[in-house]
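Following: one structure in structure tokens, then a few remarks.
2 protein chains.
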Amino acid sequence: MDVLRLDNQLCFPIYAAAHAIGRAYAPMLDELGLTYPQYLVMLVLWEKDGVGLNDIGARLHLDSGTLTPLLKRLEAQGLVERTRSTEDERRIVVALTAEGKKLRQAAVKIPLKLGAKMARALPKMYAMRGALRDLVKILGSGGDDR
Amino acid sequence: MDVLRLDNQLCFPIYAAAHAIGRAYAPMLDELGLTYPQYLVMLVLWEKDGVGLNDIGARLHLDSGTLTPLLKRLEAQGLVERTRSTEDERRIVVALTAEGKKLRQAAVKIPLKLGAKMARALPKMYAMRGALRDLVKILGSGGDDR
DNA sequence: TGCGATTAGATTGTGTACAATATAATATCT
DNA sequence: AGATATTATATTGTACACAATCTAATCGCA
Chain A
308 MDVLRLDNQL CFPIYAAAHA IGRAYAPMLD ELGLTYPQYL VMLVLWEKDG VGLNDIGARL
368 HLDSGTLTPL LKRLEAQGLV ERTRSTEDER RIVVALTAEG KKLRQAAVKI PLKLGAKMAR
428 ALPKMYAMRG ALRDLVKILG SGGDDR
Chain B
308 MDVLRLDNQL CFPIYAAAHA IGRAYAPMLD ELGLTYPQYL VMLVLWEKDG VGLNDIGARL
368 HLDSGTLTPL LKRLEAQGLV ERTRSTEDER RIVVALTAEG KKLRQAAVKI PLKLGAKMAR
428 ALPKMYAMRG ALRDLVKILG SGGDDR
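Keeping their order, the protein sequence lines are chains A and B.
All residue numbers for the first sequence refer to the numbering used here, where the first residue is 308 and numbers rise by one.
All residue numbers for the second sequence refer to the numbering used here, where the first residue is 308 and numbers rise by one.
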């Protein structure tokens, strides 16, 4: 077997799928004024508001180089507020604004629409989810828990 | 089920895994002077030299906005040459230099090392490859076959 | 053959993603 | 208590990725 043949690669399909996912989400998220990474950040915050930048990074495996500008833009859109923690001044706490909280209602349609779009792929995606998580763990998760 | 809960997302694990893969490849590819996307382009060319930018894009689901600068940098490194096709002047043909061809020898170790690194994840990755390819098809593949 | 439609790649603009580095704050050790 | 080590985030620099748009070349149709 030719280890350098594109069709024999195991990682490339993941890469290609991730990009396809991003492209598929974009028009729908654009209606909410969000990009896919921003949407992921909002998911984290809708789940637990007022967490640190570090915590968001740990959940999403993204570091401050990515998150700082991203959060700045979310703040500029009036969806979040960033403040320095009083307990530890190195920490940034990210809180949803009322508008940010309200956006959740509109956002509910996103996974529903995407789910419908890739309905026939869903069963296998459910099946591969755990393996993908394991892979992230094995390879090292990036973000601020490095 | 909360459709907006991060752990319930089916796409996020793919996104996270793709980024983890990129991070895992980077140090090794850096020794060859390549980035992961550049490495993918080289895979395509090692397989079939002298193809069009469009063909590379179709294989990798990347468009000219991404490929043009990427190929420019590969050309600057002396690994490829870009020429205008005589049959169709809109087309760019990308050919490996001798140095580009020679790099394949050093590149063989990359998949081997990565494979070793994620050995225990490999069986499931083999299993999910087809499903990931289907997903790319379903969502629309991007690149220049849009 | 001429003209409108389509295509290939370049370009512009925006938003990531991450390595490396810097600065200030906190933790740990002696 | 003081010094050193570590940590959180910002910043800098580089390389993507892709939508939108542009320009020149080619295709398809009347």
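Cβ atoms here follow ideal geometry from the backbone N, Cα and C, with glycine treated the same way.
Since this is a predicted model, take the numbers as computed values, not measurements.
Residue i in three-state terms, based on DSSP
i                      : result
residue 388 of chain A : strand
residue 310 of chain B : coil
residue 357 of chain A : coil
residue 341 of chain B : coil
residue 374 of chain A : helix
residue 350 of chain B : helix
residue 369 of chain B : coil
residue 382 of chain B : helix
residue 362 of chain A : helix
residue 396 of chain B : coil
residue 317 of chain B : coil
Given residue i as reference, the closest of the options once Cα atoms are compared
i                      : options                    : result
residue 444 of chain B : A:425, A:407, A:318, A:442 : A:425
residue 447 of chain B : A:412, A:331, A:376, A:316 : A:331
residue 454 of chain A : B:442, B:441, B:431        : As displayed, chain A neither begins before 308 nor continues past 453, which places residue 454 of chain A out of reach and without an answer.
residue 382 of chain A : A:402, A:342, A:336        : A:402
residue 311 of chain A : B:423, B:437, B:419        : B:419
residue 396 of chain A : A:346, A:323, A:359        : A:359
residue 442 of chain B : A:380, A:373, A:394, A:320 : A:320
residue 339 of chain A : A:325, A:384, A:368        : A:384
residue 421 of chain B : B:327, B:322, B:313, B:323 : B:327
Continuous beta strand (DSSP E) stretch holding residue i: start and end
i                      : result
residue 415 of chain B : Neither: residue 415 of chain B is in no beta strand (DSSP E) and is coded neither H nor E.
residue 426 of chain B : That residue, residue 426 of chain B, is in no beta strand (DSSP E); it is neither H nor E in DSSP.
residue 403 of chain B : 399-403
Chain-order list of residues whose beta-carbon lies under 6 Å from that of residue i (same chain, five-residue window excluded)
i                      : result
residue 407 of chain A : 386, 387
residue 429 of chain A : none
residue 427 of chain A : none
residue 346 of chain B : 336
residue 453 of chain A : For residue 453 of chain A, the predicted structure reports a pLDDT of 38, less than 50, and the residue's modelled location is therefore unreliable. The matter cannot be settled from this model.
residue 398 of chain A : 359, 392
7 Å CB neighbourhood of residue i in its chain, flanking five on each side removed
i                      : result
residue 463 of chain B : No answer is possible for residue 463 of chain B: the residues shown for chain B start at 308 and end at 453.
residue 342 of chain A : 336
Continuous alpha helix (DSSP H) stretch holding residue i: start and end
i                      : result
residue 438 of chain B : 429-446
Buried or exposed (CB count within 10 angstroms, at least 16 for buried), residue i
i                      : result
residue 329 of chain A : buried
residue 350 of chain A : buried
residue 362 of chain B : buried
residue 334 of chain A : exposed
residue 391 of chain A : exposed
residue 357 of chain B : exposed
residue 433 of chain A : exposed
residue 413 of chain B : exposed
residue 423 of chain B : exposed
residue 364 of chain B : buried
residue 405 of chain B : exposed
Beta-carbon proximity list for residue i, same chain, < 8 Å, skipping 5 on both sides
i                      : result
residue 308 of chain A : 315
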